[in-house]
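Below is one structure, written out as structure tokens; comments come after it.
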Amino acid sequence: STPQCSVALLKDGRVLYQAEIGKNSNFSGQVLSLVDTVLRKSNTKLESVDGLCVTTGPGSFTGLRVGVSLLKGLVLATSKPFVKVDTLEATALCASPANKRICVILDAKKKEVYTAYFQSRGDTLERLTPDRAVTPDYLCGEIKEPTVFIGNGLDSYSPLLASRLGRNFFPIYKNSPFTVAACAARLAEKYFETNKCFDLNKLNIKYVRKSEAELKFTKKESI
């Protein structure tokens with residue numbers, strides 16, 4: 023979902039191994055080898071895993087399709103169940119536990135960010151808002167209390183957020199001990215028995231807003 027692709031393997035709440043690809047890399051040609059690396063380093067065979075998970079958005083349209091296509095291939099090859107995980111919730115878990123509200127911001131391009139608010143409740147997260155695509159200015163207008171920010175939207179909009187929010191702006195720049203994939207796996211494990219699925223027709227991507235192709239088609243239809 024983001025420019026920094028990650029893969030992780032979890033067992034009984036413990037991360038056996040995790041790995042990620044740098045932000046400036048073209049991960050579409052590397053993600054399968056990353057899966058292989060994680061399995062080899064943890065001395066695990068793909069056939070022995072109980073299930074799979076993938077973040078389904080919001081995020082990069084191309085990246086989401088790559089991730090979902092890979093998961094579909096793995097499910098077809100292994101007949102393992104899968105769990106869908108929201109990208110923003112997995113990212114928020116990287117900031118948890120936090121004693122302030124958590125705001126995830128991912129760069130959505132077109133001068134917008136994908137965002138949602140969460141609150142730490144012990145070792146769980148409470149979602150406070152749905153996933154949205156809004157302008158950074160609009161987001162700043164909503165913030166009325168000290169808020170922790172996490173996500174690659176900080177790369178582009180930290181100066182604006184800092185100047186507009188002042189003491190209400192608490193960014194997390196340093197990497198969490200866990201990758202987004204590891205946090206997604208933690209969420210998937212927690213809800214595995216109730217949310218696991220075998221039907222790939224239910225593996226839908228959460229785009230939040232229309233793709234460029236859809237916007238152009240809609241514009242063409244209205245002419």
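Going letter by letter, the sequence shown gives residues 23 to 245 in my numbering. Yeah, the Cβ is synthetic: ideal placement off N, Cα and C, and Gly gets one too.
Between the alpha carbons of residue 114 and residue 93 lies a gap of roughly 22 Å. In the three-state reduction of the DSSP assignment, residue 129 falls in the strand class, which pools E and B. In this structure, 74 is the residue among 74, 80 and 185 with its C-alpha nearest to the C-alpha of residue 221. Looking at 52, 84, 214 and 191, the one whose alpha-carbon comes closest to that of residue 164 is 191. Taking 8 Å as the upper bound for CB-CB distance, residue 213 and residue 60 are not in contact here, some 21 Å apart. DSSP places residue 202 in the uninterrupted alpha helix (DSSP H) bounded by 202 to 212. Here DSSP, grouped into helix, strand and coil, assigns residue 134 to coil. Taking each of 138, 124 and 123 in turn and checking the Cα distance to residue 130, the smallest one comes out for 138. If you compare the alpha carbons of 144, 28 and 86 with that of residue 225, the shortest gap goes to 86. Distance from the CA of residue 39 to the CA of residue 142, rounded to the nearest whole angstrom, comes to 25 Å. DSSP places residue 75 inside the beta strand (DSSP E), whose first and last residues are 74 to 77.
Taking 8 Å as the upper bound for CB-CB distance, residue 167 and residue 140 are not in contact here, some 14 Å apart. About 14 Å separates the CB atoms of residue 172 and residue 206; that is not less than 8 Å, and the two are not in contact. Spatial neighbours of residue 182 in its own chain (CB-CB distance under 6 Å, excluding positions within 5 residues in sequence) are listed in chain order as 158.
In this structure, the alpha-carbon of residue 132 lies about 15 Å from that of residue 176.
Just so you know, the alpha carbons of residue 107 and residue 63 end up roughly 24 Å apart. A residue is called buried when at least 16 other Cβ atoms come within 10 angstroms of its Cβ; residue 119 does not meet this threshold and is exposed.
One alpha carbon belongs to residue 155, the other to residue 103, and they sit about 30 Å apart.
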